[in-house]
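Residue numbers (the working numbering), protein chains in the order written: chain A, 1 to 410; chain B, 1001 to 1410.
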């Protein structure tokens, strides 16, 4: 049995422990939902105040140049590229994950008119499925082939334009073998599009080594960019010239400030920009990324795995017989940085946990989800979360109308 | 001849004069570029600090409900609706103007498969033209018919799905007669899409009275929402059920938190949402809108016209023979809240003006553009701007390499 002293030794030996103080974490709360909304870096408030008061207030329109606003998508994209193993000219920060999925799915289908199928996984994150369905509704002949995880390989044939998968599953945390699946898609002539929303900042990524074609990802989860932060997209250098965004806004033009009447796609990633970049969101996102770039990434992703493994171990040791089932892969190499537990009454159990100071989230129909963000979660947090989980389950304190009442948003 | 004393009397009698103190305006600068980036409201920094420190930092994921983040697009949309004469359920704040144009153009074309033409104006704002071209490239058979302003009426026939026009032209300031042009489009069975980017907050708008079908608009110009603020879109109630956004992200789903695999468009305007709303941008935008809602709008738009008319009058009186030509309509009822002057050397002239404390902007090839935002520009600002314009032109101080050098972004 693992004891608290052992857990505290892990914190004492953690080379990343100092990063915790770089975040605001509410007193008395163990926050295990950074995979849904990352915590606030301490530096963000000052950066935003400067962006607002000095850059906008004093610099006004001149700040598009003087404060580097106009180059934010490329500058922040280049920083994200370092986190995901891409070249600096292969990533830009822009729009939302959903909008970026639309750009890349539509571009991938339009570039391959003889291939009409988007392959994806049943139970993929809803926006991925919905955007694919939206592309299929608009592009003639395009269809979505959504199959169970085990049938992905069989679903990829010569009709497939693009395979779109979420690298780390939002619910179970199951992680695909990126190089192997990419090879599998490419072997059939399809493009491979990875959604890195639950991967970037959570697990080691090397898009170059995986020979990835396309990717999107989220700025407000592990990257700590703030609520509704700009997302990012990646297009491998050798695909950039042949793919065209359907969202041909002025920021994607080769010379936006020439105000020509005819659209001409910018060379490189700039063509995947659309409207004016959201500067307040960009400023906050950049602080989150900069923090990541300070950390030793080998240590970071080792800690992700260690936190998850400790949680699974403690749950199995200390909550045995309390109705929990591991819904994530047991193998640390086969999962991301969150762990899901199934429980028949997951909704009220999670509400009770939150009321008792442990914030994870509920995913329908029966999942308790706990995210372990290595920059600010410590080993004793894991211990505390499991203790409270055991108390809530043992005491059945979750079994009340207060916790059973379903909120509009969870 | 108008003298300074008369101008000062106008400021003394201005019922909106107190609003100026609600904005940050840099010392020694006359800012006439609020039509490109609105000035910073004094309340914005505190609101953003609260959004970041309390709502995000302390409330974390719970703020989606507790701080009303999830309802921001609808709440702010309903406020914008009051400014543009729409019902609260007809407007949402979301994405960029460019992305919203794509949603509505694609939806309008898809809903009318027997009509394949988008009519617009040559020299319309580039992103409007580019997005229309993107829709045409994407939807089979759709074409863009861009014609000079005088030929719009003749261009609208039974093949036209949608007429897209910018209500107040970004360069000249020329304003369409919204009810008349809307009737003209509708008489041919086409939908009318108005871009209100240079109108909302600048001129009186009554979309209901004009029987408008569709509209988009910008949050960072007259609405003072900050650089890259969220934009808005309007769909008249009776069209909402029949139009479907091509950007079917999860926030547009009828029940986003049920995590179903199949997309089902939300009823009403929510179907035009796509990804997770950008909360920092929304918070700043709401401050800008709230300020507008405090002002008497009759007085506001009368002041817009009076500022523009004073500028034209003073330029013609005091800058005669200095190479300037009025490029905006002379009739105050036929223009928005900015005035454009043509000058052979407009680029270096504007650079010199900026260096001498008057910020307007340059629009290729020969336009000096000056925006008069009634909430924070006063009559003496107009006087000062014209005096400096005269000095710059008389002294030819603009004629130097410093001012002729073209910046990357202007």
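Backbone N, C-alpha and C define an ideal beta-carbon position, used for all residues, glycine too.
Beta carbon proximity, residue i to chain B, threshold 8 Å
i	result
residue 290 of chain A	no
residue 111 of chain A	no
residue 379 of chain A	no
residue 275 of chain A	yes
residue 402 of chain A	no
residue 52 of chain A	yes
Burial state of residue i (16 or more Cβ within 10 Å)
i	result
residue 1269 of chain B	buried
residue 74 of chain A	buried
residue 1021 of chain B	exposed
residue 90 of chain A	buried
residue 1182 of chain B	buried
residue 1096 of chain B	buried
residue 1206 of chain B	exposed
residue 238 of chain A	exposed
residue 344 of chain A	exposed
Cβ of residue i within 8 Å of any chain A Cβ
i	result
residue 1057 of chain B	yes
residue 1253 of chain B	yes
residue 1153 of chain B	no
residue 1076 of chain B	no
residue 1228 of chain B	yes
residue 1363 of chain B	yes
residue 995 of chain B	Since the first residue shown for chain B is 1001 and the last is 1410, residue 995 of chain B is missing from the structure and cannot be characterised.
residue 1242 of chain B	no
residue 1263 of chain B	yes
Residue i (DSSP reduced to helix, strand or coil)
i	result
residue 167 of chain A	coil
residue 1269 of chain B	helix
residue 222 of chain A	coil
residue 1244 of chain B	coil
residue 1415 of chain B	With chain B covering 1001 to 1410 only, the question about residue 1415 of chain B has no answer from this structure.
residue 10 of chain A	helix
residue 91 of chain A	strand
residue 182 of chain A	helix
residue 341 of chain A	strand
residue 398 of chain A	coil
residue 1044 of chain B	helix
residue 232 of chain A	strand
residue 1252 of chain B	helix
residue 404 of chain A	helix
residue 1259 of chain B	coil
residue 176 of chain A	coil
residue 203 of chain A	coil
residue 1016 of chain B	coil
residue 1330 of chain B	coil
residue 161 of chain A	strand
Spatial distance of residue i from residue j (CA atoms)
i	j	result
residue 184 of chain A	residue 120 of chain A	14 Å
residue 24 of chain A	residue 30 of chain A	12 Å
residue 1389 of chain B	residue 1383 of chain B	10 Å
residue 1163 of chain B	residue 1227 of chain B	29 Å
residue 243 of chain A	residue 108 of chain A	7 Å
residue 201 of chain A	residue 1352 of chain B	47 Å
residue 1081 of chain B	residue 298 of chain A	51 Å
residue 87 of chain A	residue 391 of chain A	48 Å
residue 1111 of chain B	residue 174 of chain A	40 Å
residue 1225 of chain B	residue 56 of chain A	11 Å
residue 336 of chain A	residue 39 of chain A	18 Å
residue 1033 of chain B	residue 60 of chain A	9 Å
residue 287 of chain A	residue 329 of chain A	32 Å
residue 18 of chain A	residue 375 of chain A	9 Å
residue 1319 of chain B	residue 54 of chain A	34 Å
residue 1364 of chain B	residue 150 of chain A	57 Å
residue 397 of chain A	residue 359 of chain A	16 Å
residue 250 of chain A	residue 1324 of chain B	29 Å
residue 127 of chain A	residue 367 of chain A	19 Å
residue 1386 of chain B	residue 113 of chain A	58 Å
residue 1143 of chain B	residue 134 of chain A	21 Å
residue 1404 of chain B	residue 1342 of chain B	17 Å
Interface flag, residue i vs chain C, CB-CB below 8 Å
i	result
residue 1069 of chain B	In the structure shown, chain C cannot be found, because the protein chains are A and B.
Next item on the list: Run through the region 1350 to 1379 of chain B for me and flag every whole beta strand (DSSP E) of 3 or more residues, listed as ranges in chain order.
Entry: 1361 to 1363 and 1367 to 1371
Next item on the list: Taking only runs that begin and end inside the region 1093 to 1146 of chain B, name each unbroken beta strand (DSSP E) of 3 or more residues, in chain order.
Entry: 1117 to 1121
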